[in-house]
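>
Protein chains in written order, with my numbering: chain B, 29 to 415; chain P, 29 to 415.
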C-alpha cells in the first residue's frame with residue numbers, strides 16, 4: 029500500500045540546501061527547500077495557544093496561496109522567546125529569501141527543538157553569510173536528516189501521479205499529538221494545482237494520517253504540514269493526486285509512529301460501529317494514548333483488560349453499552365469472550381506491529397489511529413533532553 | 029498540616045479482619061472492616077463506562093445511607109467478567125454479611141487488580157468457610173496492606189475531631205486518574221453524623237483531594253471512596269469535622285501520589301488567576317499529566333518550556349493570552365523571564381517534592397492537583413503485570 033518504485037529525487041524544479049548553523053554541536057541543522065519557479069502552497073499548523081513566531085509568520089505567509097521556499101531550524105523551537113524570538117524568525121526568513129532569490133512572503137519557516145531558549149543568531153548569521161555561495165544540491169534524505177532532533181532516522185516518501193511526483197520529508201518523535209497538523213512535514217510536487225485545490229487536498233489527506241497519530245498526547249507548539257506545487261510536470265487527475273497524497277502522508281505517519289521516542293513497535297487502533305467519526309477517533313485515541321495499554325504492548329503482556337479500561341474512561345460517551353462492545357487483538361478476540369489460551373495473543377503482541385480492533389455498537393462510523401509502545405527509552409530520552 | 033498525633037487505631041466500634049483468599053500467591057488479599065453497631069454511610073464511585081460488578085453492587089447498597097461493612101479483594105478487579113462476575117461479587121457480599129453478622133444491604137465491596145479474569149471462587153469459598161472462627165483484630169495498617177496491589181507501602185491516616193476520630197485506609201498506584209473518586213479509600217469515624225451530612229462532607233472533601241490526583245490519566249473501573257460513621261463517640265462540630273476529613277483525604281492523596289507506580293517524587297501543580305475552577309483544574313491536569321513534564325521532573329531537567337507546551341495544548345481555552353501567563357518552579361520564576369542561571373532550578377527540581385505554579389491572567393479562580401514523575405520504573409511495572 030505505501031510502496032512506490034519512483035526514485036527519491038525532488039520533483040522537477042525543486043532544489044534544496046542543508047548546512048550547519050551552530051544550533052547543535054555538529055551536523056547540518058538548517059535546511060531550505062526551494063522551487064525555481066512560482067508555486068502554489070497550502071499549509072496547516074498547530075493550534076497550540078503557545079504557537080511560536082515561526083508558526084505565526086508562516087501562517088501569515090501561507091495565506092496568499094503562494095509559497096516557494098521552506099526553511100527549517102532544528103534543535104531550537106524558538107517558542108516562548110518573546111519579541112526577540114519574533115525578530116529572529118523574521119530575520120531568518122529574510123536571509124532565506126535572499127539566499128534562495130524568492131520574495132520574503134513566499135517563505136515558510138519551521139523551528140523544532142527545545143522551547144524557551146533564544147536562537148544562536150550570531151552563528152546563524154555567519155552561516156547565512158557563508159551559504160551565499162553554496163550550491164542547492166541536497167537530496168530529500170539529506171534535508172530530512174537535517175530536520176531531525178531525537179529522531180533516530182530520516183523520514184521520506186515519494187509517490188508518482190501520472191507525469192508528476194510528490195516527495196515528502198518529515199520529522200517528529202516526541203511532543204507528538206498533532207492537532208491541526210504534525211511536527212514538521214513538507215510535501216512538494218511538480219503537479220499543477222491551484223492553491224484552493226491544493227488546500228482541499230492537503231486537508232483531506234491530513235485528517236486520517238498526521239492528525240490520527242499520537243506518540244505521547246503532548247501537542248507541539250511548532251507543528252506544520254505544508255504542500256507546495258510548482259506545476260513543472262503539468263496537470264494531473266485530481267482523484268489520483270488525492271489518493272497518492274493521502275497514501276504518502278500515511279507512509280510518513282507510520283514512519284513517525286515507528287520512530288516515536290523509545291518506540292519499538294507500531295500500535296494501530298481501529299474503532300468501528302461508532303456513533304460518528306468523532307466518537308470513533310476519541311475512543312481510539314484513548315486506547316492508543318493509554319500508558320497502561322502502551323506499556324502492555326511494549327512488554328507483550330496479554331493484559332487486554334486495559335483496553336476495556338481505556339474505553340470506559342470516556343465517561344461522557346454514555347451511549348456505549350459494555351455488553352455490546354467487542355475487542356480484538358489482530359485476529360484474536362479477547363472481549364467479551366476471553367481466549368482460554370493466552371499464548372496466541374502473546375505471540376501476536378510480540379510482533380513489531382500490534383493491531384487492536386474495537387466495535388462499539390453505537391452506529392456505523394469508523395476511525396483508525398496510530399501510535400507506538402511506551403518503553404524505558406522514552407524516559408531516558410526525555411528525562412535528560414536539554415542538559 | 030497533615031499531621032495528627034492520635035494513635036492509628038480504629039474509631040470506637042470498628043473492627044477489621046484480613047486473610048489470604050488465594051487471589052495472590054501469598055499474603056493477605058481479603059480484608060473486611062465492620063462496625064459493631066449500625067452506621068451511616070456515603071460513597072462516591074468511578075464513572076467508568078466499564079464499572080465492575082463490585083461498583084454496581086456497592087452503588088446500590090450505598091443508596092440507603094446505611095453501611096456497616098466494607099470488603100476488599102486485592103489482585104483481581106472482577107471487571108469485564110460477565111454474568112459470572114456479577115454472581116461472584118454478590119456471593120462475596122453474602123459471605124461477608126454472614127461473617128460480620130450484618131445485613132447484606134449494608135456491605136460495600138471493592139475489587140482491585142487485573143481486569144477480565146474470573147475470581148478464584150473455590151479458594152475464596154474455602155477461605156470464608158475457615159474465616160468463620162477468625163477474630164476481627166486486624167489493625168488499619170494490616171487492612172491497608174491487604175488492599176495493596178503494586179503499591180509499595182500501605183496508606184493510612186488518622187485525625188481527631190473533638191471526642192471522635194477519623195481513620196482512613198487507601199490503595200492505588202497506577203490506572204490512577206480518579207474521576208468521581210480514587211482507587212479504594214475507606215474512611216471510618218465514630219463521630220455521629222446522619223447520612224445526608226456524611227454525603228455532603230465526603231463530596232466536599234473528595235474534590236480537592238482524590239479528584240485532584242492523577243498518576244497516569246488512566247481512570248480505573250473500580251474507584252471507590254466510602255465514609256462510614258457509627259456515632260459511638262457522639263456528635264462533633266460539623267465545620268471541624270469537615271476540616272479534619274478534607275485534611276485526612278489530602279494526606280492519603282499525597283501518599284497515593286508519592287507511591288504512584290515508579291514514582292520518585294511528588295509533583296504539585298497550582299494554577300491561579302484562572303477564569304473558573306474548571307479551567308484552573310483542566311490546565312493544572314494538562315501539566316501534571318504531560319509525559320514530557322513528568323520525565324523532565326524525573327530527571328531534574330530544567331526544561332521548563334514543556335510546561336508552556338502543556339498549557340498551550342488546551343486549544344479550546346482561547347481566552348489564555350501567552351503574554352499574560354507566568355510560570356514558577358517553587359520560588360524560581362521561569363516564564364516570561366527565563367532565569368539567566370539554571371542552577372537554582374536544577375537544585376529545586378532535585379528535591380523529592382516539585383511545585384509548579386502558574387498564573388493564567390484570565391480571572392481569579394484556582395486549583396491544585398497532585399501527581400508524580402514518570403520513571404523507567406513505571407514501564408517495568410506495567411510492561412509485565414499479568415504474567
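Beta carbons: idealized from backbone N, C-alpha and C, even for Gly.
Could you tell me which residues DSSP puts in a beta bridge with residue 361 of chain B?
DSSP output for residue 361 of chain B lists B:356 as bridge partner(s).
> Give the residues from the region 358-387 of chain B that approach chain P closer than 7 angstroms (Cβ to any Cβ), ordered along the chain.
363, 364, 366
> Given this structure, state the Cα-to-Cα distance separating residue 73 of chain B from residue 389 of chain B, to the nearest angstrom.
Spanning the two alpha carbons is a distance of roughly 34 angstroms.
> On a Cα-Cα basis, can you pick out the residue from P:240, P:392, P:330 that is closest to residue 379 of chain P?
P:330
> Less than 8 angstroms separating the beta-carbons of residue 101 of chain P and residue 150 of chain P?
no
> Does the region 31-40 of chain P come into contact with the region 184-202 of chain P, if we say contact requires no fewer than three beta-carbon pairs (one atom in each stretch) closer than 8 angstroms?
yes
> Find the residues of chain P that neighbour residue 354 of chain B, judging by a C-beta separation of less than 9 angstroms, and give them in chain order.
Going along chain P, no residue has its Cβ under 9 angstroms from residue 354 of chain B, so there is no contact; the nearest lies around 12 angstroms.
> Which whole-angstrom value describes the C-beta separation of residue 127 of chain B and residue 98 of chain B, a residue pair presumed to lie in contact below a C-beta threshold of 8 angstroms?
Contact flag wrong, Cβ pair sits at about 13 angstroms.
> Measure the C-alpha to C-alpha separation of residue 419 of chain P and residue 293 of chain P and round it to an integer number of angstroms.
Any property of residue 419 of chain P remains undetermined from this structure, which presents chain P solely from 29 to 415.
> Is the CB-CB distance between residue 419 of chain P and residue 148 of chain P below 8 angstroms?
Only positions 29 to 415 of chain P appear in this structure, which leaves residue 419 of chain P out of reach.
> Check for me: the alpha helix (DSSP H) holding residue 169 of chain P runs from which residue to which?
168-175
> Can you list, in chain order, the stretches of the beta strand (DSSP E) that have 3 or more residues and sit fully within the region 307-381 of chain P?
Listed in chain order, the complete beta strand (DSSP E) runs (minimum 3 residues) inside the region 307-381 of chain P are 354-357, 360-363.
> Does the beta-carbon of residue 322 of chain B have 16 or more other beta-carbons within 10 angstroms, so that it is buried, or is it exposed?
buried
> Under 9 angstroms Cβ-Cβ, which residues of chain B neighbour residue 155 of chain P?
Here the premise fails: no neighbours, minimum Cβ distance about 24 angstroms.
> Taking only beta-carbon positions, decide if residue 329 of chain P is within less than 8 angstroms of chain B.
yes
> Helix, strand or coil: which one does DSSP assign to residue 164 of chain B?
Coil.
> For residue 104 of chain B, return the contacting residues in chain P, with the cut-off set at a CB-CB distance below 7 angstroms.
In chain order: nothing, as chain P lies at least about 10 angstroms away.
> Pull the bridge partners of residue 104 of chain P from the DSSP assignment, please.
In DSSP, residue 104 of chain P forms a bridge with P:142.
> Do residue 410 of chain P and residue 289 of chain P come within 8 angstroms of each other at the CB atom, strictly closer than that value?
yes
> Could you compute how far the alpha carbon of residue 116 of chain B sits from the alpha carbon of residue 283 of chain B?
Spanning the two alpha carbons is a distance of roughly 31 angstroms.
> For chain P, is any of its Cβ atoms less than 8 angstroms away from the one on residue 296 of chain B?
By this cut-off, residue 296 of chain B is not an interface position.
> What are the uninterrupted segments assigned as alpha helix (DSSP H) that are 4 or more residues long and contained completely in the region 40-77 of chain P, given in chain order?
none
> Could you check which residue in P:351, P:345, P:318, P:346 has the C-alpha nearest to that of residue 335 of chain P?
Ranked by how close their Cα comes to the Cα of residue 335 of chain P, the residues P:351, P:345, P:318, P:346 have P:318 in first place.
> Specify, as a first and last residue, the run of the alpha helix (DSSP H) that residue 401 of chain P falls within.
Careful: residue 401 of chain P lies outside any alpha helix (DSSP H) and carries neither H nor E.
> Name the chain B residues whose beta carbon is nearer than 7 angstroms to that of residue 116 of chain P?
What residue 116 of chain P touches in chain B: nothing, since even the nearest Cβ is about 15 angstroms away.
> Between B:156, B:215, B:326, which lies nearest to residue 58 of chain B when the distance is taken from Cα to Cα?
B:156
> Over what stretch of residues does the beta strand (DSSP E) that includes residue 215 of chain B continue unbroken?
212-219
> By how many angstroms is the C-alpha of residue 64 of chain B removed from the C-alpha of residue 208 of chain P?
Low confidence applies here, because residue 208 of chain P scores a pLDDT of 31, under 50, leaving its location unreliable and the question unanswered by this model.
> Cα separation between residue 295 of chain B and residue 46 of chain P?
Inter-residue distance for residue 295 of chain B and residue 46 of chain P is about 42 angstroms (C-alpha atoms, whole angstroms).
> What residues in its chain sit with their C-beta under 7 angstroms from that of residue 347 of chain P, if we drop five residues either side in the sequence?
Here residue 347 of chain P has 303, 390 as same chain residues with Cβ atoms under 7 angstroms from its own Cβ, once five neighbours each way along the sequence are excluded.
> Counting only beta-carbon separations shorter than 8 angstroms, does residue 38 of chain B have a partner in chain P?
no
> Is there a C-beta anywhere in chain B that falls below 8 angstroms from the one on residue 110 of chain P?
yes
> Leaving out the 5 sequence neighbours to the left and right, which residues in its chain are closer than 6 angstroms to residue 173 of chain P when beta-carbon positions are compared?
182
> Note down, in chain order, each residue of its chain lying with its Cβ closer than 7 angstroms to the Cβ of residue 328 of chain P, except the 5 sequence neighbours on either side.
Around residue 328 of chain P: 374, 377, 378.
> Taking a Cβ distance cut-off of 8 angstroms, strictly less, list which residues of the region 338-351 of chain P are near chain B, in chain order.
338, 339, 340, 341, 342, 343, 345, 346, 348, 350
> Looking only at its chain, what residues have a beta carbon closer than 6 angstroms to the beta carbon of residue 31 of chain P, apart from the 5 residues adjacent to it on each side?
For residue 31 of chain P, the predicted model reports a pLDDT of 48, less than 50, meaning its position is unreliable and no value from the coordinates is stated.
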